[in-house]
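Participant: Under UniProt numbering, the residue at position 96 of the sequence shown is numbered 96, and the numbers go up by one with no gaps. Note that beta-carbon positions come from the ideal geometry of N, C-alpha and C, so glycine has one too. Have a look at this one.
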Amino acid sequence: MTNLSHKDINFTEEEFQKHEGMSERERQVMKKLKEVVDKQRDEIRAKDRELGLKNEDVEALQQQQNRLMKINHDLRHRITVVEAQGKALIEQKVELEAYLQTKEQEMGNLRAELGKLREKLQGEDSQASQNGEEVKAEPNNDDCLSESEKMAMDLKDPNRPRFTLQELRDVLHERNELKSRVFLLQEELLYYKSEEMEEETRSPQPTPIIQPKPSTQPESGIKRLIFTAIMPMVAAGLIPDDPTLQPIRRLVSLV
């Protein structure tokens, strides 16, 4: 009986030691598992923060994409408008050039008529110089008569000038305005073209400097017109001497 109880006590101690050993291993395993879980929890939290930042970046990129799409749409619309304006400017330029060419032809015809009138006046002056003795005998009456005869002959002449001095001034003024307007349209067209090229390339480029083109009509032509046509008409009494001719007289005095 004593031996049996002693065996039971030994068995119980062995089981207790075995149970204690299992508990220690389990505690170590649990500790390791807890460390792994904590580490994974920290990694998950870091991944969540990173994912939140990525979502914010994606939202910002989407907003930027929407803004760029809107800008692209506006630029396309603007390019369409600029192209339409450029075509309208080109058509207007062609019309103005045609109108200017017509005015230049009219000016050429007017110069031709004034040249014929000048030649006629020179012929009458030479004829009057040949009859100088009669002119010296009655200078006042002959001058009045010659002026009236000139007026009568000019009225009968089919090649007489059909433009008044005011009409000539208006034509010259209109011609200068048309040239200025054509020049401004050319600059505006070049500006639109350069702006369109900048928008297409999306790179900053300096705006081209447009050098003004010299006028095709030299100043000497107007001076020659004054000397050969207008001033002889004033001297002959065909055009009344009024204050509006003072700029022309100043130009003559400067020359």
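Within its chain, find whatever has a CB closer than 6 Å to the CB of lysine 87; leave out the 5 residues flanking it on each side and keep chain order.
Facilitator: So the list is empty, once near-sequence residues are dropped.
Participant: Between the region 164-182 and the region 46-60, do three or more beta carbon pairs fall short of 8 Å?
Facilitator: Judged by Cβ distances under 8 Å, the region 164-182 makes no contact with the region 46-60, as fewer than three pairs qualify.
Participant: Is the beta carbon of leucine 178 sitting closer than 9 Å to the one on lysine 103?
Facilitator: Their beta carbons are under 9 Å apart, which means leucine 178 touches lysine 103 by this criterion.
Participant: Since I believe valine 182 is in contact with leucine 89 (beta carbons under 8 Å), could you give me their beta-carbon distance rounded to a whole number of angstroms?
Facilitator: Leucine 89 to valine 182, Cβ: 11 Å. No contact.
Participant: Give the C-beta separation of glutamine 92 and leucine 185 to the nearest angstrom, bearing in mind that I take them to be a contact with Cβ-Cβ under 8 Å.
Facilitator: The Cβ separation is near 6 Å, so the contact holds.
Participant: If I'm right that glutamate 195 touches valine 82 with Cβ under 8 Å, what's the distance once you round it to whole angstroms?
Facilitator: Yes, glutamate 195 and valine 82 are in contact; Cβ-Cβ is about 7 Å, under 8 Å.
Participant: Just checking: is the beta-carbon of lysine 87 within a distance shorter than 9 Å of some beta-carbon in chain C?
Facilitator: No chain C appears in this structure, which consists of one protein chain only.
Participant: Could you check which residue in Arg41, Ile79 and Asp48 has the C-alpha nearest to that of threonine 201?
Facilitator: The shortest C-alpha separation from threonine 201 is found at Ile79.
Participant: So residue 317 and arginine 175 are supposed to be a Cβ contact under 8 Å. How far apart are they, rounded?
Facilitator: Beyond the ends of the chain as shown, which are 1 and 255, falls residue 317; an answer cannot be given.
Participant: Could you tell me whether the Cβ atoms of tyrosine 192 and glutamine 63 are closer together than 9 Å?
Facilitator: No.
Participant: If we count the other Cβ atoms within 10 Å of its Cβ and call it buried at 16 or more, is leucine 117 buried or exposed?
Facilitator: With 16 or more Cβ atoms within 10 Å of its Cβ, leucine 117 is classed as buried.
Participant: Can you tell me whether leucine 114 is buried or exposed, with buried defined as 16 or more other CB within 10 angstroms of its CB?
Facilitator: Result: buried.
Participant: Determine, using beta carbons only, whether leucine 75 and glutamate 187 come nearer to each other than 9 Å.
Facilitator: Cβ atoms of leucine 75 and glutamate 187: not closer than 9 Å.
Participant: At a threshold of 8 Å, does lysine 34 count as lining the ligand ZN (C-beta to nearest heavy atom)?
Facilitator: For the structure depicted, the ligand ZN is absent and the ligand set is empty, with no information on it obtainable.
Participant: How big is the Cα-Cα spacing for valine 36 and leucine 61?
Facilitator: In a straight line, the C-alpha of valine 36 is about 37 Å away from that of leucine 61.
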